[in-house]
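Report on the structure given below.
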Amino acid sequence: MTTDDTAPRSLLDLTFAELEREFVTAGLPPRHAQSFWRVLHHGLCQDFSAAVDFPPPLRRWVAEQVGEGRRFFVEALTAMTDIASGDGQTRKFLLHLADGQSVETVVMGFKNRHTACLSTQVGCAMGCVFCATGQMGFVRHLRPGEIVAQVRHAQRALRADGDEGLRNLVLMGMGEPLHNYDAVMTALETISDRRGLNLGPSRITISTVGVVPGILRLAAEQRPYRLAVSLHGATEQERSALVPASQRWPLAELMAACRTYFTKTGRRIFFEWTLIAGTNDSPAQAKRLAGLLIGLDAHVNLIPLNPTGGFTGIATPSTPVRAFQKTLQLAGIPSTVRQRRGIDVAAGCGQLRSTRLRAERLPSVTV
Ligand code: SF4
28 MTTDDTAPRS LLDLTFAELE REFVTAGLPP RHAQSFWRVL HHGLCQDFSA
78 AVDFPPPLRR WVAEQVGEGR RFFVEALTAM TDIASGDGQT RKFLLHLADG
128 QSVETVVMGF KNRHTACLST QVGCAMGCVF CATGQMGFVR HLRPGEIVAQ
178 VRHAQRALRA DGDEGLRNLV LMGMGEPLHN YDAVMTALET ISDRRGLNLG
228 PSRITISTVG VVPGILRLAA EQRPYRLAVS LHGATEQERS ALVPASQRWP
278 LAELMAACRT YFTKTGRRIF FEWTLIAGTN DSPAQAKRLA GLLIGLDAHV
328 NLIPLNPTGG FTGIATPSTP VRAFQKTLQL AGIPSTVRQR RGIDVAAGCG
378 QLRSTRLRAE RLPSVTV
């Protein structure tokens, strides 16, 4: 792949170190990078023409380098759709990207305790059968700036409502984060930077369907984020029926990678289990799941299925959910049943975009 060095670059694609290098090259003192970064990321600034507090050399750099037809621009995502659930606890945005694609960002929670669920790709190559994003196929990776811009959009929306902003982030929206590893790590470096958006690494969860090389890389690089692994099946056959990626990274290989991750980082791993009635919700399957997790610091999140148009399965009712959880508990595995939020706003990842694509007949590409 070739990159065009003359093409305008999103300032949100730059880490602090890259911005600092830009400033040094331009002959500006490195401390100006701090001021600029703070206004850009902490202040969520979109238009620098009003940044009158900048010292003259920095104002000149901004005037020469940032804006339409110049070297840098500030990414802004506009909401094509912005809907709130009836209970007011979920707000879902379908955000428009510069090339006409769109991604979903969801904000969930109560006052001052909000979590944003971010997308990392347009579509997804992993093809999980119950997932609306998997059903639409892979279109492209997001750039770091497009991931950072989702956080800015969510923060702005919360601040406009008088809220302090986000507390937690989960990378569980459209796309497989570890399939877009470098862009995701660059974005998270910016998002967790204390001088800017300042969302601490322990408040950021990367959710993977089981991309083994990515898990091993997280461990080798000692990345400080929380890891969630979607299992959904505790035998190879049951899992690959729901998660085709299991054929590429078989269950045994995935669990070995989780053990390596735990040995190297000492960190708890969260395991996601979407409960589908009559498919993966029996006490016997709970026992097999518990067997897989022996020796790990594991926590299981049980998530009754969010319905999607392209999958006929239905959510496990509450009585078998409790029985499944009880079986895990007896085996010493802690678990939480996650509330299904925002079904009335199609909060399962990819649902809003699929609906819009169907309505507009926009092309979706599978590679
Ligand atoms: S569940 Fe996640 S990994 Fe699986 S297809 Fe959907 S977006 Fe991709």
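Mapping of the sequence shown onto my numbering: residues 28 to 394, in sequence order.
Positions of the beta carbon are idealized from the N, C-alpha and C atoms, including for glycine.
Owing to the predicted nature of the structure, the values given are computational and were not obtained by experimental measurement.
Looking at N225, R349, T301, the one whose alpha-carbon comes closest to that of L332 is T301.
T142 and I174 do not touch by the CB rule: their CB atoms are close to 16 Å apart, not below 8 Å.
Under the three-pair Cβ rule at 8 Å, the segment 270-283 does not count as touching the segment 292-309.
For K353, the enclosing alpha helix (DSSP H) begins and ends at 345-357.
Between V197 and C144, the CB-CB gap stays under 7 Å.
Under the criterion of beta carbons closer than 8 Å, L104 and H206 do not qualify as touching, at roughly 21 Å. Here G172 has S37, L39, D40, E102 as same chain residues with Cβ atoms under 7 Å from its own Cβ, once five neighbours each way along the sequence are excluded. Here A176 is buried. Its C-beta has 16 or more other C-beta atoms within 10 Å. Remark: the C-beta of M153 is in contact range of the ligand SF4, defined as less than 6 Å to any heavy atom. CA-CA distance, H123 to A247, rounds to 35 Å.
Assignment of V101 by DSSP, reduced to helix, strand and coil, places it in the coil class. Within its own chain, the residues whose Cβ lies closer than 6 Å to the Cβ of P347, once the five positions on either side in sequence are excluded, are D308, listed in chain order.
The alpha-carbon separation between T235 and L245 amounts to approximately 12 Å. By the CB criterion at 7 Å, R167 and V149 fall inside the cutoff. Nearest in C-alpha terms to A261, of all of E47, E191, L319, A268, is L319. With respect to the 7 Å criterion, I218 and Y252 are not classified as neighbours on the basis of their beta carbons. The continuous alpha helix (DSSP H) containing I218 extends over residues 208-218. Taking a C-beta distance under 7 Å as the contact criterion, F351 and L323 do not qualify as a contact pair. Membership of Q148 in any alpha helix (DSSP H) is not indicated; the residue belongs instead to the beta strand (DSSP E) covering 148-150.
In the DSSP assignment, H168 falls within the beta strand (DSSP E) that extends over 165-168.
As the crow flies, the alpha-carbon of R365 is around 21 Å from that of F338.
Between the ligand SF4 and the CB of T160, the shortest heavy atom gap is smaller than 6 Å. When only Cα atoms are considered, P57 and R97 end up about 22 Å apart.
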